Amino acid sequence: MKLLTVLMLIALPLSCFAGSGCPLLEKMIEESVSSEVGVDQFVEDFQEFVDDEDTANALKEMKQSFLDQDYKTLENTQVVQCCSVSSLCGILSE
């Protein structure tokens, strides 16, 4: 059982670096945590998914919450999102 756990822990970073297979989702994660992308640019980039003003405001608030974080927190957030999305995409494709 310990060997299985060790092998799974070794494989986790490899699956994260492989990508999710969902380029649009990866773009959204990357732009969410990037301090170079502003709130208005973020909403504009994903305008096709914005149906109303409430959705636009929610996206703005989400992006602003990422902009309020320090660099290390953003870096860790990106790793966690990458791993969780990669795992989810792997489950959905089975």
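Number 5 in the working numbering belongs to position 2 of the sequence shown; there are no gaps in the numbering.
The beta-carbon is built from N, C-alpha and C at its ideal position, and this holds for glycine as well.
As the structure is a prediction and not an experimental result, all values here were calculated from the model.
Beta-carbon proximity of Val42 to Lys63, cut-off 7 Å: By 1-based counting over the sequence shown, the position of residue 42 is 39. By 1-based counting over the sequence shown, the position of residue 63 is 60. Contact flag set, yes.
Gln72: first and last residue of the uninterrupted alpha helix (DSSP H) it sits in: Within the sequence shown, residue 72 is the residue found at index 69, counting from 1. Run containing Gln72: none; DSSP gives neither H nor E here.
Residue interval of the alpha helix (DSSP H) (run including Phe45): Along the sequence shown, one-based indexing puts residue 45 at 42. Unbroken alpha helix (DSSP H) run through Phe45: Val42 to Asp48.
Alpha-carbon spacing of Phe69 relative to Ser37, whole angstroms: Numbered from its first residue, the sequence shown carries residue 69 at position 66. Numbered from its first residue, the sequence shown carries residue 37 at position 34. Phe69 and Ser37: Cα-Cα distance of roughly 8 Å.
Backbone CA spacing between Glu56 and Phe45 [nearest angstrom]: Locating residue 56 in the sequence shown gives position 53, counting from the first residue. Locating residue 45 in the sequence shown gives position 42, counting from the first residue. Cα to Cα, the separation comes out at about 15 Å.
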